[in-house]
Structures are given as structure tokens and as C-alpha cells.
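Chemist:
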Amino acid sequence: MLLIRNAEVYAPRALGVQNLLLGGGKILWLGASRELPELPAALRTVSSVIDLEGARLIPGLIDAHVHVTGGGGEAGFHTRVPPVPLTRFTGCGVTSVVGLLGTDDVARGSGELLASIYALREQGLNAWCYTGGYHVPPTTLTGGVRSDLVFIEAFLGIGEVAISDHRSSQPTFDELLRLAGEAHVAGLMTGKAGILHLHLGDGPRGLEMVRRALSESELPARVFNPTHINRRRALFDEAVALAKAGVTVDVTAFPVAEGEDAYSASDAVLRYAAAGAPAERITVSSDAGGCLPCFDGDGRVCKMGVGTAGALLATLCELLARGMPLEQALAPFTSNPARLLRLAGKGEIAVGAHADLVSLDATGAVQSVIIRGEVHVRGGVAERHGTFET
Ligand SMILES: [Zn+2]
7 MLLIRNAEVY APRALGVQNL LLGGGKILWL GASRELPELP AALRTVSSVI DLEGARLIPG
67 LIDAHVHVTG GGGEAGFHTR VPPVPLTRFT GCGVTSVVGL LGTDDVARGS GELLASIYAL
127 REQGLNAWCY TGGYHVPPTT LTGGVRSDLV FIEAFLGIGE VAISDHRSSQ PTFDELLRLA
187 GEAHVAGLMT GKAGILHLHL GDGPRGLEMV RRALSESELP ARVFNPTHIN RRRALFDEAV
247 ALAKAGVTVD VTAFPVAEGE DAYSASDAVL RYAAAGAPAE RITVSSDAGG CLPCFDGDGR
307 VCKMGVGTAG ALLATLCELL ARGMPLEQAL APFTSNPARL LRLAGKGEIA VGAHADLVSL
367 DATGAVQSVI IRGEVHVRGG VAERHGTFET
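If you count by our numbering, then the sequence shown holds residues 7 to 396, one letter each, in order.
(1) Tell me where the alpha helix (DSSP H) around Met-195 begins and ends.
(2) Take Gly-60 and list the residues in its own chain whose beta-carbon comes closer than 7 Å to its own, dropping the five residues that flank it on each side.
(3) Between Glu-166 and ligand 1, is there a pair consisting of the residue's CB and a ligand heavy atom that are separated by less than 7 Å?
(4) Run through the DSSP bridge pairs and tell me what Pro-299 is partnered with.
(5) For His-84, verify whether its CB is less than 7 Å away from any heavy atom of ligand 1.
(6) Less than 7 Å between the CB of His-205 and some heavy atom of ligand 1, yes or no?
(7) Check each candidate in Ser-174, Asp-110 and Glu-222 and name the one with the smallest Cα separation from Gly-187.
(8) Considering only their Cβ atoms, is the gap separating Ala-70 from Thr-289 smaller than 8 Å?
(9) Flag this pair as yes or no: are the beta carbons of Gly-282 and Ala-294 separated by less than 8 Å?
(10) Going by beta-carbon coordinates alone, are Thr-233 and Glu-166 separated by less than 8 Å?
(11) Mind checking whether Leu-8 and Ile-56 have CB atoms under 8 Å apart?
(12) Suppose the cutoff is 8 Å on Cβ atoms and the five residues either side in sequence are ignored; what does the same chain contact list for Asp-367 look like?
(13) CA-CA distance, Ile-355 and Lys-198?
(14) Leaving out the 5 sequence neighbours to the left and right, which residues in its chain are closer than 6 Å to Leu-155 when beta-carbon positions are compared?
(15) Taking the alpha-carbon positions, what's the His-391 to Thr-146 distance?
(16) Please determine whether the Cβ atom of Gly-108 lies at a distance below 7 Å from any heavy atom of ligand 1.
(17) According to the Cβ coordinates, are Pro-343 and Val-275 closer than 8 Å?
(18) Once you ignore the five residues that flank Thr-148 on each side, which residues in its own chain have a CB closer than 8 Å to its CB?
(19) Using 7 Å as the cut-off, classify the Cβ of His-234 as near or not near the heavy atoms of ligand 1, replying yes or no.
(20) For Pro-18, count neighbouring C-beta atoms within 10 Å of its own C-beta (all shown protein chains included) and say buried if the count is 16 or more, exposed if not.
(21) May I ask you to report which of helix, strand or coil DSSP gives Gly-294?
(22) Measure the C-alpha to C-alpha separation of Leu-325 and Ala-271 and round it to an integer number of angstroms.
(23) Does DSSP put His-401 in a helix, a strand or coil?
(24) Ignoring anything shorter than 4 residues or poking outside the stretch 142 to 177, list the alpha helix (DSSP H) runs there in chain order.
(25) Give the list of continuous alpha helix (DSSP H) stretches no shorter than 4 residues that lie fully inside the stretch 53 to 136.
(26) The alpha helix (DSSP H) that contains Ala-317, what's its start and end?
(27) Skipping 5 residues on each side, what residues in its chain have a beta carbon closer than 7 Å to that of Leu-58?
(28) Does the beta-carbon distance from Lys-256 to Asn-231 come in below 8 Å?
(29) With a Cβ-Cβ cutoff of 8 Å, do Leu-332 and Thr-254 count as a contact?
(30) With a 10 Å radius around its C-beta and 16 neighbouring C-beta atoms as the bar for buried, classify Glu-395 as buried or exposed.
(31) Going straight from the alpha carbon of Glu-214 to that of Ser-102, what length do you get?
(32) Kindly indicate which residue of Thr-109, Asn-132 and Thr-93 has the alpha-carbon position closest to the one of Ala-361.
(33) If you compare alpha carbons, which of Ile-123, Leu-92, Ile-64 and Phe-242 is closest to His-382?
(34) Around the Cβ of Ala-168, are there at least 16 other Cβ atoms within 10 angstroms (buried) or fewer (exposed)?
(35) Using C-beta distances below 8 Å, list every residue in its chain close to Cys-300, excluding the 5 sequence neighbours before and after it, in chain order.
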């Protein structure tokens, strides 16, 4: 049992100063009074108290596009990025991740991805993943994407399947539609998200195939989930139009250079809101562990960086600095991905919800991080580390 006192709660809705009692990994009670409610005798011993002294308490951030195994490999084997350790997530307020494979779905496979997800779970993080990778036919564990989703609990959907990109396998419209159908049916059978998470490249075809799928197939718009939509300004406009048609779109929090034909994640979230697109259909992810390569005209890598999960909190702070209220700015990092991914009890602060909580100090830095009721970070310092972290 853990009691959190004097938290200014954003659920994401602003609830004012509250006290929370956590137990069994969940939020058992939430109330403004200083006194605990009547509890059964067995529950009366609160083992620990954290007094937040009025600091802001938000739901743990959900990062739904992470290369947990490490991505890369696009400019030789020495460019394969190593796996992302636990505190690279928890230290930045990320309490849930969805892992995936990208360009390299040959040297890396579904087994390695699942093993990395299970390792993060054993260390206390909430973790799931997508089956497949950039290419079609997709890499799988059981021989089919539908059976992967139906029989392996940790798989939530298919992705990241690359389109409009020179690194894709140039999937045809029918191939894409088939994959989306497999994801949808598996979602129906299991109650899981059952989405097709689409990596968008810089190609001018943009989201053409998704628009066509909405007009020519019976598949619901929610099945299609394009990411990196802010990498090109015209692509972003296409994505806003699709969001208005029912598609949830994902912004990547990558660095954007001055004058680049792209929007930073905070620019994209602000522009999305200004365009009057549905507030619940935008999410932000970090691409942590993924390589951020720049290619020259011949398709050769000319420079390379690595995505980090800290980009989420940095984007949230930018949104606040640019005048967006916290309760509005939080949704793309918390309640929106939880809704899209059908993660019950995630992305919100409420009685009965999972106790995934982050408190922020006055500067917006992470103060404490609690995952399913267990303290991972206290006073800005990690108390739990991954197996091979010092
Ligand atoms: Zn990608």
C-alpha cells in the first residue's frame, strides 16, 4: 500500500489537489480530504507515504513506437542500435511502451522482440509489441500475423509496415489491405487493438493507399494508424484530413532542423488542434532506440542519430511553454494511445485504474515515477535499474 498526499492531479482532466491510495497495482481511492476513508482492517497499514507538496501528478506516459531491441542497421552492421535499458524509459516518465521492428526485420526477428518485451515486463515496465516489421510478407513468430495476434498476448497489432519509403518492400494496395484485414479480424477475436501501424516515408505517394482503403474496403478507419506524419508538411495535411475521417494519427518527436520541410512534434500537435481535428485521434511517440538516418539522393546514409524516450516529456513541456493547458496537452501521450491500443486502466488517473503515475517538479522534470504501484523513480533518482545498468 502506498499513500500519495497533496498531488495536483491531471487525470488528464484537472482534479485539483488530491490524495491517492494505491494497492495491488491499482488506484484504490482518490479524494481531496486529508483523512483516509474507512478501510477494512487488513488494508489499514499503509506501508509508505509520498508527500508531493502540491506537485503535478499525471498518468504515466505511453510510448507506442519504440525499438526496444534497438533499431538501425541501415548503414552496415555496426549501425545496429543496442537495446534500450529500463531507466531510459522510467527516467523520462514513460510507464508503458509498444515495441516494434523496423528496417531490420531480418537480423532481428519477432522472437528477439518478444524477449525484449518480456524482459522489460520482468523489470516492472508495462510493455507490448507489434508483429511484423517494415516489410511484406511480414516477419512472424507463428507463421502468420493473424495467428501471432490471436495466440500471443503481447502482440497488439501489425507494424511498423513501411509505405511511401525507399526502404519499404513497395507493398501493393491489395497486400496492404490484406494485412489490415488480418489485424482487424485478430482484434475482433481477442479484444486487442488489432491495428495496422504504418511507417510513412518521405515519398510523395504519402497516405494515398490509406485513403483508397477507406473508400474501397469495408475496414473501419480505426484499423489504419500512420506514424511519422509530421516528417513532411504536405504529409501532415493529409494526416489531418484522415483524422477527420476516423483514423488515429501518430506524430514522432524527432528533432527538426531550422527550415526543414517537417514539423516538430509540438508544432504538429498545435497545428492539429488549430485545424479542428478530433482531439482524441492524435498520439505522440518517440521512436526511441530507432535510428534517425538522413539519406542523400542515392539513398546512402549521410548522418545518423538515435531516438530517445525523453523526447515525449520534452514535447509535453514545449506544449505547456507555448500556452497549451496541461489537461489538453496530456491526451496525446496518455488517454489517446490507451484508447487506440485498447489498454484498459491505462492513460488516466481514476479509482480502479492502474497505478501508473508520474509527478513533475516546477520545471517540468520527472520527480517520481510509479508503475503498477511500485516506485521506480523518487526525487528524480531511479531506484530500480535494468539488469545490466549500473
Ligand atoms: Zn518508422
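Just so you know, even glycine gets a beta-carbon here, dropped at the ideal spot from N, CA and C.
Here the structure is a predicted model, which is why all the values come from computation and not from measurement.
Modeler: Put simply:
(1) 179 to 196
(2) Asn-12, Glu-14 and Val-23
(3) yes
(4) Met-310
(5) Distances taken from the Cβ of His-84 to the heavy atoms of ligand 1 include none shorter than 7 Å.
(6) yes
(7) Glu-222
(8) yes
(9) No. Outside cutoff.
(10) yes
(11) Closer than 8 Å, so yes.
(12) Ala-61, Gln-373 and Gly-386
(13) C-alpha separation (whole angstroms): 22 Å.
(14) Cβ neighbours of Leu-155 beyond the five flanking positions: Phe-161 and Ala-192.
(15) 30 Å
(16) yes
(17) no
(18) Asp-154, Phe-157 and Ile-158
(19) yes
(20) buried
(21) According to the sequence provided, residue 294 is Ala. The question's Gly does not apply to it. Here DSSP, grouped into helix, strand and coil, assigns Ala-294 to strand.
(22) As the crow flies, the alpha-carbon of Leu-325 is around 9 Å from that of Ala-271.
(23) Not covered by the structure: residue 401. The range shown for the chain is 7 to 396.
(24) You should have 151 to 157.
(25) 93 to 96 and 116 to 128
(26) 316 to 327
(27) Ile-10, Arg-11, Asn-12, Ala-13 and Ser-365
(28) The sequence shown places Asp at residue 256, rather than the Lys named in the question. Cβ distance < 8 Å, so Asp-256 and Asn-231 count as in contact.
(29) no
(30) exposed
(31) 31 Å
(32) Asn-132
(33) Per the Cα distances, Leu-92.
(34) buried
(35) Cβ neighbours of Cys-300 beyond the five flanking positions: Val-307, Cys-308, Lys-309 and Met-310.
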